[in-house]
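Enquirer: The structure's right below; bear with me while I get my questions together.
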Amino acid sequence: MTTPWPPRTIARRPRVAAPREPVDPARIGRRVVRRRAKGMDAGAVAAALEDARFDARQASRHEDLADDVRGPAELAEWERIEQLLAAAVPGTVYDPDTDPVLRAELEADAAAAREADLREAARIAARADELQALRELGTLEQTEPRAGDEAVRDELTRRAGGYVQADVDGWLARALAAHLGHYRDPAAREEAVGLLTAPVLAHAALLAELAHLVPGADVGQLTFAARLATTEPEATGALAAFLTRARP
Numbered sequence: 218m219t220t221p222w223p224p225r226t227i228a229r230r231p232r233v234a235a236p237r238e239p240v241d242p243a244r245i246g247r248r249v250v251r252r253r254a255k256g257m258d259a260g261a262v263a264a265a266l267e268d269a270r271f272d273a274r275q276a277s278r279h280e281d282l283a284d285d286v287r288g289p290a291e292l293a294e295w296e297r298i299e300q301l302l303a304a305a306v307p308g309t310v311y312d313p314d315t316d317p318v319l320r321a322e323l324e325a326d327a328a329a330a331r332e333a334d335l336r337e338a339a340r341i342a343a344r345a346d347e348l349q350a351l352r353e354l355g356t357l358e359q360t361e362p363r364a365g366d367e368a369v370r371d372e373l374t375r376r377a378g379g380y381v382q383a384d385v386d387g388w389l390a391r392a393l394a395a396h397l398g399h400y401r402d403p404a405a406r407e408e409a410v411g412l413l414t415a416p417v418l419a420h421a422a423l424l425a426e427l428a429h430l431v432p433g434a435d436v437g438q439l440t441f442a443a444r445l446a447t448t449e450p451e452a453t454g455a456l457a458a459f460l461t462r463a464r465p
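With the numbering used here applied, the sequence shown covers 218 to 465.
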């Protein structure tokens, strides 16, 4: 069994941000146009629109650009901004901050983000209830962790008033060391470095090395690893790194 991460990364890194939404080329194109158009008057926008139309005609001659969505989106946005200024007081320049379409998009984005946060909070709460029930039944150790359980660990700690949840920490450390559940994925193990505390990571690193030295060792024989990691996480991580180098 190999260590699930480079030992030199035992120190906890900043929490990883939530996954970004998929790239939307059309939306990127509209944003680029709005940035370029900021401060332009009707005449400048009309000139930019003609350039966009020329680019669209040129692109239409290339088959490899047939599926391009950004170009048409940019052209449509220039046309919309031209119409917006045409209906405004003469001399008005384009200002994204007062663009009603952009403001509506931002409001929709904010509402979607709030909804996503509520769904994620509900998911974390439900999973925390599930893990708590498994703890009470004494079957937590037989459960494999899932993606997002690092946040659930934080929720259980919050519910306990900030006290370390030693059984949950040990469960995650053992799963990380043995590559169980979502930790089968190397990317999940790497991400865990930014989501779990230094003691949990040090515990997992030491467990992985001890399992390599003494295959089949019983969990009860390795309880000292958790105590070491809790009291001296940096030293425990250094020990795990040393054992890695000492492998035959």
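Where is the CB? At the ideal position from N, CA and C, for every residue including glycine.
#1: By how many angstroms is the C-alpha of residue 249 removed from the C-alpha of residue 323?
#2: Pick out whichever of 418, 342 and 327 has its Cα sitting closest to the Cα of residue 450.
#3: Identify every run of the alpha helix (DSSP H) within the segment 272–334, keeping only runs that are complete inside it and at least 4 residues long; order them along the chain.
#4: Going by the CB atoms, is the gap between residue 405 and residue 399 shorter than 7 Å?
#5: CA-CA distance, residue 227 and residue 330?
#6: At the level of alpha carbons, what is the spacing between residue 466 and residue 426?
#7: In whole angstroms, give me the CA-to-CA distance for residue 315 and residue 364.
#8: Taking the alpha-carbon of residue 291 as reference, which of 303, 276 and 305 has the nearest alpha-carbon?
#9: Considering residue 420, what are the terminal residues of the alpha helix (DSSP H) in which it resides?
#10: Could I get the ranges of all uninterrupted alpha helix (DSSP H) runs contained in the segment 347–402, with 4 residues as the minimum, in chain order?
#11: Terminal residues of the continuous alpha helix (DSSP H) containing residue 412?
#12: From 382, 457, 302 and 335, pick the residue whose C-alpha is nearest to that of residue 429; which is it?
#13: Cβ of residue 387 within 7 Å of Cβ of residue 443?
#14: Reducing DSSP to helix, strand and coil, say where residue 268 ends up.
#15: Helix, strand or coil for residue 451 per DSSP?
#16: Whose C-beta lies closer than 7 Å to the C-beta of residue 446 among residues of the same chain, with five residues either side of it excluded?
#17: Classify residue 464 as helix, strand or coil using the three-state DSSP reduction.
#18: Which whole-angstrom value describes the C-beta separation of residue 265 and residue 288, a residue pair presumed to lie in contact below a C-beta threshold of 8 Å?
#19: Tell me whether residue 256 sits in a helix, a strand or coil according to DSSP, three-state version.
#20: Measuring only the C-alpha atoms, how far is residue 313 from residue 284?
#21: Out of 360, 302 and 262, which one is the CA nearest neighbour of residue 392?
#22: Determine whether the beta carbon atoms of residue 269 and residue 302 lie at a separation below 7 Å.
#23: Near residue 297, what residues of its chain come up, given a Cβ to Cβ distance below 8 Å and the 5 sequence neighbours on each side ignored?
Expert: Taking the geometry as given:
#1: 16 Å
#2: 418
#3: 287–303
#4: yes
#5: Caution applies to residue 227, whose pLDDT of 43 falls short of 50 and renders its modelled position unreliable; the value that the coordinates give is listed next. Whole-angstrom Cα-Cα distance: 32 Å.
#6: Since the first residue shown for the chain is 218 and the last is 465, residue 466 is missing from the structure and cannot be characterised.
#7: 41 Å
#8: 276
#9: 415–430
#10: 366–376 and 383–395
#11: It is not in any alpha helix (DSSP H) - residue 412 carries neither H nor E in the DSSP assignment.
#12: 457
#13: yes
#14: helix
#15: helix
#16: 416, 419, 420, 423 and 453
#17: coil
#18: Not a contact, Cβ separation roughly 14 Å.
#19: coil
#20: 28 Å
#21: 360
#22: no
#23: 318
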